[in-house]
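Participant: Take this structure, written in structure tokens, and hold onto it; I'll ask about it next.
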Amino acid sequence: MRADAALKPHWFYILLALADDDRHGLAIARDVQALSDGAVRLWPATLYGSLDELRARRWIEELEEHPAQESERRRYYRITRIGRAVLTDEADRLGRLARLARMRARTGDAR
Amino acid sequence: MSRAYRVLLALAPRTLRDQHGADMEELFAERLAAAQARGNAAVAAAWLHAAADLARARLATWKTRRVPLTVFIDERTSLMPGSEVRYAWRALLRQRGATTLVVLMLALGIAANVAVFSLVNGLFLRPFPFAHPDRLVYINTAAPRWNLDVVGINYPDFDRWRKDQKLFEAITMYETSNFNLSDGAGAERVRGLQITYDFPRVLGVEPLVGRTFTPEEDRPKAAPVVLLSEAIWRQRFGGDRNIVGRSLRLDGTVHTIVGVMPAAASFPDDVQLWVPMHGDVAQPYQSYSGDGMGRLKPGVTAEQADADLKRAHQPIWDTQDKERVVTPFVKPLHDTFVHDYRGAMATVGGAVAVLLLIACANVAAVMLARALARRREMGIRLALGSSRARLLRQLLIENLMLAAAGGVIGLVAGRWALAALIRAIPEELPRWAAFNIDLRVMAFSFAAVAGTVILFGWAPALHAVGGDLRSAVSATTNGTTGAPRGRRTLWLLVGAEFALAAVLLVCGTLLFKAFDRVRSVDPGFRSDHMLIATVPLSEGTRPKPAQWIAFWDELEERLSKVPGVEAAGLVTCAPLSGCHTGNFFAVENALPRPDGKDPVVLYRTASPGYLRAAGLRLREGRFLQEPDGRKGQAPVVVVNESFVRTFWGEHANGAGRRINYRGLKSPWITVVGVVADVKHYGLERPTRPGIYFPLGQDPRASMMLAVRTSGEPAAATPAVREVLRQMDPEIPLYRVRTMEQLIRQSMQLRAALSWMLAIFAGLAFVLAIGGAYGVAMYLVTQRTREIGIRVALGARTKDIFRSVVASGLTVVLVGVALGLAGSVAVAGLLADVLFGVSAHDLSVLSFVTIVLLSTAVVANGFPARRAARIDPMRSLRTE
Chain A
1 MRADAALKPH WFYILLALAD DDRHGLAIAR DVQALSDGAV RLWPATLYGS LDELRARRWI
61 EELEEHPAQE SERRRYYRIT RIGRAVLTDE ADRLGRLARL ARMRARTGDA R
Chain B
1001 MSRAYRVLLA LAPRTLRDQH GADMEELFAE RLAAAQARGN AAVAAAWLHA AADLARARLA
1061 TWKTRRVPLT VFIDERTSLM PGSEVRYAWR ALLRQRGATT LVVLMLALGI AANVAVFSLV
1121 NGLFLRPFPF AHPDRLVYIN TAAPRWNLDV VGINYPDFDR WRKDQKLFEA ITMYETSNFN
1181 LSDGAGAERV RGLQITYDFP RVLGVEPLVG RTFTPEEDRP KAAPVVLLSE AIWRQRFGGD
1241 RNIVGRSLRL DGTVHTIVGV MPAAASFPDD VQLWVPMHGD VAQPYQSYSG DGMGRLKPGV
1301 TAEQADADLK RAHQPIWDTQ DKERVVTPFV KPLHDTFVHD YRGAMATVGG AVAVLLLIAC
1361 ANVAAVMLAR ALARRREMGI RLALGSSRAR LLRQLLIENL MLAAAGGVIG LVAGRWALAA
1421 LIRAIPEELP RWAAFNIDLR VMAFSFAAVA GTVILFGWAP ALHAVGGDLR SAVSATTNGT
1481 TGAPRGRRTL WLLVGAEFAL AAVLLVCGTL LFKAFDRVRS VDPGFRSDHM LIATVPLSEG
1541 TRPKPAQWIA FWDELEERLS KVPGVEAAGL VTCAPLSGCH TGNFFAVENA LPRPDGKDPV
1601 VLYRTASPGY LRAAGLRLRE GRFLQEPDGR KGQAPVVVVN ESFVRTFWGE HANGAGRRIN
1661 YRGLKSPWIT VVGVVADVKH YGLERPTRPG IYFPLGQDPR ASMMLAVRTS GEPAAATPAV
1721 REVLRQMDPE IPLYRVRTME QLIRQSMQLR AALSWMLAIF AGLAFVLAIG GAYGVAMYLV
1781 TQRTREIGIR VALGARTKDI FRSVVASGLT VVLVGVALGL AGSVAVAGLL ADVLFGVSAH
1841 DLSVLSFVTI VLLSTAVVAN GFPARRAARI DPMRSLRTE
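Protein sequence lines, in the order shown, are assigned to chains A and B.
So that you can map any letter, position 73 of the first sequence is 73 in my numbering, and since no number is skipped, the others follow by simple counting.
In my numbering, each residue carries its 1-based index in the second sequence increased by 1000.
This is the structure:
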């Protein structure tokens, strides 16, 4: 993956939500909404379609057993090492971009 | 709520739904709950988001996924049958010929259906272009004892009704009145309506500019005012909004313009301006000449209103009309203005229904043949584990696709046919009627198509799939003629088609024969080389009857000297021009009338030249001549044969007898001549007793001009116009038509009806022949092996040919026989329009039989020839 190709925003958010803990779909949706200050709301087909797609790319995986005291029915997801690398790459890219933007904005102020 | 989402979930790709359905519902429920806290708009947005979300997911799969072939055996059902649609599409393409046939036949039926339904809709179902049209009623009076359905309204009676009625919001009286409109540049004849001030209120129309009439302006001797139509306002005044207060010269009198009415107010037909009625309650005479209209209060029926009006009329019966001769009546406005077309519309509607039935039978036959031919495919799919329900659904999708294609093509063709139909009968249709294909028509036709195809497409499918698996697979594999039930159904359909086609053909031919008979009716005068026009004098510039007589004399004199004019004459009302003035006469030595009714006499005044100009046939005595009708002359009259027959008997003489206006004590009027009956009301209408008075005896300010020409009559128009212009440039010549035009016009509805039925019969015929051919061809193909065996066993070509034709013809014979029997019954219903042609006219019946049977022989002959040429070696080897 080239460093300057943007990751789909909702994929980025899903990976981000899974980065600190294993979660089920509904929890991911809630976390994404919180992380984006309510700006990103994932709708069912988008969320679960993305989860299937990310799983196919092996960026995330489904847990075999459920964490203790959690619902039996729910399917839990965990980020893989590849997924974590993709997330870090994207974060770096965004960081570079942010730095660049801040620099330009400032020189623009001075003019 | 979650149930609704579950339905929506059908949009999503199946894998997603199967894997995460429950989770997706849970997430949506949470989103929805959050939205509900923020109000209705948020809830709506949430649903839209959800739907878009699911649709996007579906679209994504279409872009990436290829449908695996195994999908046909996949038993899990999908609510979004994308793959099935594609499979159906392929199946339809595989049988391109049959598909085209079905679609075209459906389109044909639908197109005829849509066109005629729109016509019926425009005339009967669609209301007038006014607010609450169901509350509008027509008001007039009848005199049953005088044999008159419509007498006209007398203004003082109307005034009494207006004061005493309780169930109308408003009632109005109106009367057609034409004006010479002149503004220095030239004269024009315009169609006007005299109305009481409440007219706009009854119709519920508002003026575009200015105001309508006030009650004060409608009083006798009030200052003349006028309301313009939108058309005149735009043409003559360029749509100037400051028109109010300007003036217009009508019949030589200056009228002040008070407002402009919208185009929709042009009721009952093409009215160009309105003036107040100026009715006088104290008028010294009775003039039954107006029409009336009323707007009912909400919830009042026409019957209740009728009773209310009769109650209001009671004082008049008590004082002036103790014999109760004149009775007011109320009926729905719609009934009054659409009545004439009902018979014709019912006929055409019936014909269309039959045509649609034939198209359906044809479609059913083709569908059944398709289904039979596909038994093997079905059988194999069943054997491989497909469920019957799934097969049926697959067929349903195919049929719906066929229906949709047929429906769309039919709708487009129907619009086109409707336009053609309306062009074919323009003069007969009222101007306010609008014809276009609206939602109801679309819904109707699509329901018709879908119903047809599902019914006829699925039933055969059930039939084909219903049998047991083994026979389904094996029957067709070894090439025997399986499915005897299916074959029987096929023949039944062909028989039914022929029966229906026979009905249409018989009715169409009968109508054409009737049309021909009407066309050859003797009109009683010479209709060729005759020009008719109306000449109205302005009473403003020529107030005295003596001036009118002088003008008419001079006009006739001058016209007869124009080169190319053989004779010129004047009459108040020319034949077939749509006018009628009735009167009652007392007759000396009249036969007693068995029914006690007093016949209405058609009243005309004519100039001496009219005899030659119209080519009337003198039967007895002489026609009117100089100096009849002049001052000091004894009063004379010419009557028609019907008059003599009605009052004095079949073989009586008319000349020399005397008559008088009934109820008046004037001197006797002597009959000086009798002329042949003229078909005044139309070639197929009966003639009434009629009478011609000399012009001078009853002078009129407006007359019709009849000119007999040596050459083409229309070519004489400029010369006639020039003569009139030299005499007075302010007088217009209008409604100029040749008598042949008038005759054609009077038969237009009949002509249209005959042509339409002929077209339907032709289409039905083509469909039936096509059906017979298709079915015979299919069966021959199915019997290839059987025929091969028979040939191999020594059957001769002739025998094969004969056996194939015979099996087809038997069905056709039975169908035609039933159809002829049915058509005699149906034609009985048409008796009204058949103009004396017998419903079981032998020549028509035998013509139809011969046509149908001979073409059926040809239709079966081709497949039979093919069967006869079957090479046994090849046919046995094929399977």
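Glycine is no exception: its CB is placed at the ideal position from the N, C-alpha and C atoms.
As the structure is a prediction and not an experimental result, all values here were calculated from the model.
DSSP has residue 1140(B) in a bridge; who is on the other side?
Facilitator: Residue 1140(B) is bridged to 1329(B).
Participant: Is residue 1523(B) helix, strand or coil when you go by DSSP?
Facilitator: If DSSP states are grouped into helix, strand and coil, residue 1523(B) belongs with coil.
Participant: Counting contacts by CB-CB distance shorter than 7 Å, is residue 1012(B) in contact with chain A?
Facilitator: Chain A, which has a Cβ nearer than 7 Å to the Cβ of residue 1012(B), makes this yes.
Participant: Would the beta-carbon of residue 1011(B) fall within 7 Å of that of residue 1059(B)?
Facilitator: In this structure, residue 1059(B) does not lie closer than 7 Å to residue 1011(B) by Cβ.
Participant: Residue 1612(B) and residue 1655(B) look like a contact to me (Cβ under 8 Å); what is the Cβ gap, rounded to whole Å?
Facilitator: Between residue 1655(B) and residue 1612(B) the Cβ distance is about 20 Å, and since that is not below 8 Å, they are no contact.
Participant: Taking only three categories from DSSP, how would you classify residue 1194(B)?
Facilitator: Here residue 1194(B) sits in strand by DSSP.
Participant: Between the segment 1015-1032 of chain B and chain A, which residues of the former have CB atoms less than 8 Å from a CB of the latter, in chain order?
Facilitator: Listed in sequence order: 1015, 1016, 1019, 1020, 1022, 1023, 1024, 1025, 1026, 1027, 1028, 1030 and 1031.
Participant: Quick one: Cα of residue 1903(B) to Cα of residue 1358(B), how far?
Facilitator: Given that chain B is displayed from residue 1001 to residue 1879, the structure contains no residue 1903(B) and the question cannot be resolved.
Participant: Going by C-alpha to C-alpha distance, which of 1322(B), 1257(B) and 1869(B) sits closest to residue 1792(B)?
Facilitator: Of 1322(B), 1257(B) and 1869(B), the residue nearest in Cα terms is 1869(B).
Participant: Taking the straight line between their C-alpha atoms, what separation do you get for residue 1315(B) and residue 1744(B)?
Facilitator: Whole-angstrom Cα-Cα distance: 47 Å.
Participant: For residue 1057(B), decide whether its Cβ has a neighbour in chain A, counting only Cβ atoms nearer than 7 Å.
Facilitator: True, the Cβ-Cβ gap to chain A drops below 7 Å.
Participant: Would you give the residue range spanned by the alpha helix (DSSP H) that residue 1739(B) belongs to?
Facilitator: Run containing residue 1739(B): 1739-1746, per the alpha helix (DSSP H) assignment.
Participant: Roughly how many whole angstroms lie between the Cα atoms of residue 1224(B) and residue 1666(B)?
Facilitator: Near 36 Å, if we compare the C-alpha coordinates of residue 1666(B) and residue 1224(B).
Participant: Just confirm the distance between the C-beta atoms of residue 78(A) and residue 18(A), as a whole number of angstroms; I'd bet it's less than 8 Å.
Facilitator: Indeed they touch by this definition, with Cβ atoms about 7 Å apart.
Participant: Just by C-beta distance, which residues in the segment 1324-1335 of chain B are closer than 7 Å to chain A?
Facilitator: Listed by position, the residues of the segment 1324-1335 of chain B near chain A (Cβ gap below 7 Å) amount to none.
Participant: Of the choices 1871(B), 1833(B) and 1108(B), whose alpha-carbon is the least far from that of residue 1517(B)?
Facilitator: That would be 1833(B), whose Cα lies nearest to the Cα of residue 1517(B).
Participant: Please confirm if residue 26(A) has its CB atom under 7 Å from at least one CB of chain B.
Facilitator: Judged by the 7 Å Cβ criterion, residue 26(A) is in contact with chain B.
Participant: Could you tell me which of 1771(B), 1682(B) and 1787(B) sits nearest to residue 1750(B), measuring between CA atoms?
Facilitator: Per the Cα distances, 1682(B).
Participant: Give the interface partners of residue 1302(B) over in chain A, defined as CB-CB distance under 8 Å, in chain order.
Facilitator: Residues of chain A passing the Cβ test: none, with the nearest at roughly 59 Å.
Participant: Please determine, among 1084(B), 1398(B), 1154(B) and 1677(B), the residue with the shortest C-alpha to C-alpha distance to residue 1283(B).
Facilitator: That would be 1154(B), whose Cα lies nearest to the Cα of residue 1283(B).
Participant: Short of 7 Å in beta carbon distance, which residues of its chain neighbour residue 1168(B), apart from the five on each side in sequence? Order them along the chain.
Facilitator: Result list for residue 1168(B): 1294, 1295, 1296, 1297 and 1305, in chain order.
Participant: Would you say residue 1707(B) and residue 1565(B) are within 7 Å of each other, going by their C-beta atoms?
Facilitator: Yes, the Cβ-Cβ distance between residue 1707(B) and residue 1565(B) is below 7 Å.
Participant: Could you check whether the Cβ of residue 1078(B) sits closer than 7 Å to any Cβ belonging to chain A?
Facilitator: Below a pLDDT of 50, predicted positions are generally treated as unreliable, and residue 1078(B), at 43, falls in that range; no measurement from the model is reported.
Participant: Kindly list the residues whose CB is nearer than 6 Å to the CB of residue 1840(B), restricted to its own chain and excluding five residues on each side of it in sequence; keep chain order.
Facilitator: Excluding residues within five positions, the ones whose Cβ falls inside 6 Å are 1824.
Participant: Should residue 1088(B) go down as buried or exposed, given a rule of 16 or more other Cβ atoms within 10 Å for buried?
Facilitator: By the neighbour-count rule (16 or more Cβ atoms within 10 Å), residue 1088(B) is buried.
Participant: So, does the CB of residue 9(A) fall closer than 7 Å to a CB anywhere in chain B?
Facilitator: Chain B, which has no Cβ nearer than 7 Å to the Cβ of residue 9(A), makes this no.
Participant: From the beta carbon of residue 1053(B), is the nearest beta carbon of chain A less than 7 Å away?
Facilitator: Yes, residue 1053(B) lies at the interface with chain A (some Cβ there is under 7 Å from its Cβ).
Participant: Helix, strand or coil, according to DSSP, for residue 1295(B) in the structure here?
Facilitator: Strand, per DSSP.
Participant: Excluding five sequence neighbours on each side, which residues of the same chain lie with their C-beta closer than 6 Å to the C-beta of residue 1723(B)?
Facilitator: Here the set comprises 1558 and 1559.
Participant: Are the segment 1409-1419 of chain B and the segment 1096-1114 of chain B touching by the rule of at least three beta carbon pairs closer than 8 Å?
Facilitator: With the cut-off at 8 Å, the segment 1409-1419 of chain B and the segment 1096-1114 of chain B touch.
Participant: Can you name, in chain order, every residue of its own chain whose Cβ lies under 7 Å from the Cβ of residue 1071(B), other than the five neighbours on each side?
Facilitator: At residue 1071(B), the pLDDT of 36 sits below 50, so the modelled position is not reliable and the matter cannot be decided from this model.
Participant: Under 9 Å, CB to CB, which of the residues in the segment 24-51 of chain A have a partner in chain B?
Facilitator: Listed by position, the residues of the segment 24-51 of chain A near chain B (Cβ gap below 9 Å) are 24, 25, 26, 29, 30, 41, 42, 43, 44, 45, 46, 47, 48, 49 and 51.
Participant: Measuring only the C-alpha atoms, how far is residue 1118(B) from residue 36(A)?
Facilitator: Each residue's alpha carbon lies about 59 Å from the other.
Participant: Please look up how many angstroms separate the CB atoms of residue 1396(B) and residue 25(A), rounded, as I've assumed it's under 8 Å.
Facilitator: In fact, because the Cβ distance is near 37 Å, the residues do not count as touching under 8 Å.
Participant: From which residue to which residue does the alpha helix (DSSP H) around residue 1020(B) run?
Facilitator: Its alpha helix (DSSP H) spans residues 1014-1037.
Participant: Would you check if the distance between the CB atom of residue 1569(B) and the CB atom of residue 1758(B) is smaller than 7 Å?
Facilitator: Cβ distance not < 7 Å, so residue 1569(B) and residue 1758(B) don't count as in contact.
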